[in-house]
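Structure, as structure tokens:
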Amino acid sequence: MRKMEIRKLQKKILREELRRRRKNSKRHRLLVTGILALLILLFAGAAFYLYNLDGMLEKDFQQAQELVEEGDYATAVAAFQRIYQHHPSFYLAPQALFEAGEVLNLYQQRYPEALLTYLLVEKDFPDSESASSARRKIAEIYKYRLRDYSRAVVAYQKLLDSGVEDGDRVQYELGDTYFRLNNFEQARIEFESLFKTWPQSPLLPQVRFRIATTFALEGELKEAEADYRAVIREWPDDPFAIEARFGLAAVLEDGERLLDALKVLEQLRGVYPNPEILQKRIEQVKERIRKKKKAI
């Protein structure tokens with residue numbers, strides 16, 4: 499009798515255990531199914547976000563451009579910078595950062611901040627088209643805004659070495675920057691390099707004129723005269739031919755060839771763009787001639 503009761507009890511316990519397991523198994527399956535469904539939704543949402551991310555960022559970029567047109571420069575800069583900061587791999591990120599620099603530079607005149615922004619474009623996106631444009635802006639800010647000619651020299655040399663299309667103009671800027679540093683010898687080297695490398699450049703009359711001027715400033719009157727005359731002879735219709743004639747007169751005067759200098763100046767009447775300065779120089783040379791005659 500007792501054995502039968504024990505067996506019944508065992509069967510009851512077994513049935514309850516099986517029932518419990520089936521219940522837990524069903525709950526487990528529901529839990530797993532729910533988690534899988536949630537993961538699918540999350541992945542689907544992420545995929546949808548990523549699929550549409552470029553479109554959303556393009557819209558953000560366009561809105562930032564519109565802010566510039568509306569004159570809301572501070573907000574535009576922040577919008578461009580957000581694109582770069584949060585999505586640096588986005589294909590418009592280099593341009594967005596560059597545009598932030600443009601607003602700081604051209605519209606807000608915040609030159610140190612613009613410079614740092616352009617430098618960041620060059621650092622983070624060295625192979626992009628924006629980096630090439632940024633290098634030019636860096637050189638221009640150093641030279642024309644901050645007047646840091648030593649750094650401008652480095653920037654223009656780097657730009658020149660990068661193989662830009664308008665290498666003659668960059669070479670000219672490099673020479674002019676050395677000129678502003680009063681390093682006339684190096685300025686002349688850069689100008690002469692331009693003359694040899696780009697023999698068809700439209701800058702040649704101006705370059706030859708600048709070479710003559712470096713010689714004149716160093717007191718090399720013979721060399722200066724030769725280059726001024728070269729400008730007059732080779733490009734007679736160029737505006738720099740007129741300037742070369744004025745420079746030639748100065749060199750002749752410095753060499754005490756006063757009558758020759760006066761003749762050159764007199765021939766500039768009616769063509770020199772600043773007649774007041776021309777008249778002053780003519781009177782100056784005439785006065786020196788009178789004094790020299792009296793001394794004799």
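Take 499 as the starting number for the sequence shown in our numbering and just add one per residue.
For every residue, glycine included, the Cβ atom is placed at its ideal position computed from N, Cα and C.
Small disclaimer: the values here were computed from a predicted structure and weren't measured.
Can you tell me the Cα-Cα spacing of residue i and residue j, whole angstroms?
i           : j           : result
residue 661 : residue 668 : 10 angstroms
residue 723 : residue 750 : 8 angstroms
residue 730 : residue 782 : 23 angstroms
residue 791 : residue 638 : 51 angstroms
residue 785 : residue 761 : 14 angstroms
residue 777 : residue 787 : 15 angstroms
residue 610 : residue 691 : 32 angstroms
residue 624 : residue 630 : 8 angstroms
residue 595 : residue 766 : 51 angstroms
residue 547 : residue 593 : The pLDDT assigned to residue 547 is 42, lower than 50, so where the model puts this residue is not dependable; a value taken from the coordinates is nonetheless given after this. Taking the straight line from one Cα to the other gives about 22 angstroms.
residue 689 : residue 763 : 27 angstroms
residue 628 : residue 620 : 8 angstroms
residue 694 : residue 683 : 17 angstroms
residue 789 : residue 687 : 40 angstroms
residue 728 : residue 673 : 20 angstroms
residue 780 : residue 710 : 21 angstroms
residue 670 : residue 640 : 16 angstroms
residue 696 : residue 712 : 20 angstroms
residue 650 : residue 566 : 28 angstroms
residue 721 : residue 769 : 25 angstroms
residue 600 : residue 614 : 12 angstroms
residue 746 : residue 653 : 34 angstroms
residue 675 : residue 554 : 44 angstroms
residue 663 : residue 701 : 15 angstroms
residue 597 : residue 626 : 14 angstroms
residue 561 : residue 583 : 17 angstroms
residue 681 : residue 706 : 17 angstroms
residue 564 : residue 581 : 15 angstroms
residue 775 : residue 643 : 29 angstroms
Whose C-alpha, out of the options, is nearest the C-alpha of residue i?
i           : options               : result
residue 606 : 617, 573, 632 and 627 : 573
residue 602 : 576, 580, 584 and 582 : 576
residue 753 : 741, 774, 666 and 717 : 717
residue 739 : 704, 627 and 665      : 704
residue 772 : 678, 737 and 557      : 737
residue 578 : 591, 720 and 567      : 591
residue 585 : 759, 656, 559 and 644 : 559
residue 556 : 632, 715, 588 and 571 : 588
residue 645 : 699, 678 and 735      : 678
residue 658 : 681, 633 and 642      : 633
Could you pull the start and end residues of the alpha helix (DSSP H) that residue i belongs to?
i           : result
residue 673 : 665-678
residue 704 : 702-715
residue 659 : 647-659
residue 588 : It is not in any alpha helix (DSSP H) - residue 588 carries neither H nor E in the DSSP assignment.
residue 580 : 571-584
residue 684 : 682-695
Any alpha helix (DSSP H) of 4 or more consecutive residues that is wholly inside the stretch 732-789: 737-752 and 756-764
Whole runs of the alpha helix (DSSP H) within the stretch 612-644, excluding any shorter than 4 residues: 627-638
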